[in-house]
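Here is the structure we will look at, set down as structure tokens.
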Ligand SMILES: [Zn+2]
């Protein structure tokens, strides 16, 4: 946009009215530092632990901008967060996942399996705590895709706890394909190891130029 013949180029600014400002902040952080802040729970005003950023809005933005590597990273963060806090997707989480991301997105799949798993757990308990029927009913009512996914799951059998499944089940690459995220991590690790080795060798055998630069006194001292 800023390099072409777009309006944004002449105005040197772009307006993104549909996108969440906090998600965009996360995106900029990822662009500059290639990292995503940990989704470690923080204590909210009511004393309950809450996520420090909204993974659904961030995932929706990454999906809109076609950034599969970032989508996969966000999915890993969500799964890790739910494991650490011993939580599963709430009806509200699933509702927003179905509202904000594309049909059959990996985030929808994760949210669906989470709700299905909770319903199986609650079968044996006399409570609707956290997952009241009226809220789950709203999912069926407002999201046809959720109802379809539910029918499909009944046809194919019992689901699993999504937190215990392979991370790649919720990545953008195919199940039979190599994990692009792991591949990228390996490359970054190899690059940083190569850099560290180079630095070690340079420290062990400094080049004449760097040796001179590191001891300017001896290089500039008079002969006598
Ligand atoms: Zn993967």
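In my numbering, the protein residues as written are -18 to 205.
Each residue gets a CB set at the ideal place from its N, CA and C atoms; glycine is no exception.
These numbers come from a predicted model, not from an experiment.
- The Cβ atoms of residue 131 and residue 89 lie no closer than 9 Å to each other.
- Of the heavy atoms belonging to ligand 1, at least one sits nearer than 8 Å to the Cβ of residue 148.
- Residue pairing by DSSP places residue 17 opposite no residue, since no beta bridge is assigned to it.
- 9 Å or more divides the Cβ of residue 163 from the Cβ of residue 156.
- With a cutoff of 9 Å on beta-carbon distance, residue 79 and residue 39 are scored as not near each other.
- Secondary structure at residue 158: coil, using DSSP grouped into helix, strand and coil.
- Counting along the chain, residue 65 sits inside the alpha helix (DSSP H) bounded by residues 49 to 66.
- In the structure shown, residue 31 adopts extended strand secondary structure according to DSSP, grouped into three states.
- Short of 6 Å from the beta carbon of residue 20, and not among the five residues preceding or following it, lie these beta carbons of its own chain, in chain order: 32, 58 and 62.
- Taking residue -11 as the centre and dropping the five residues before and after it, the same chain places the C-beta of -18, -17 and -5 closer than 8 Å to its C-beta, in chain order.
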